[in-house]
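K.L.:
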Amino acid sequence: MLTLALSLALLVVLVLILVRRRNLTILMSVGSLLAALLAMLWLQDLGLLPGSQGPLTHTRPQTVDDLRR
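According to the UniProt record's numbering, the sequence shown holds residues 1 to 69 in order.
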């Protein structure tokens, strides 16, 4: 749901950039912030951010030293 809301907000900002052609610095800042949030959500879903679980989460194979601890 959050991803959908952020995607819609990013689409609105992109349309405003193309249509209004005013306040470009503010609109581009908001657009890049929204894009960064979407990228972080995507990376978290994949398990690539620290502390997240996902299909690409790195798990070390068990070794003999790990079993002794």
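Every residue gets a Cβ at the ideal spot worked out from N, C-alpha and C, and that includes glycine.
Run the CB neighbour count on residue 13, radius 10 Å, all protein chains shown included, and call it buried at 16 or more, exposed below.
P.N.:
Classification for residue 13: buried.
K.L.:
Going by Cα to Cα distance, which pick from 54, 27, 8 is closest to residue 17?
P.N.:
When only C-alpha atoms are compared, the closest one is 27.
K.L.:
By a C-beta neighbour count over all protein chains shown, 10 Å radius and 16 as the cutoff for buried, is residue 54 buried or exposed?
P.N.:
Result: exposed.
K.L.:
May I ask you to report which of helix, strand or coil DSSP gives residue 49?
P.N.:
Coil, per DSSP.
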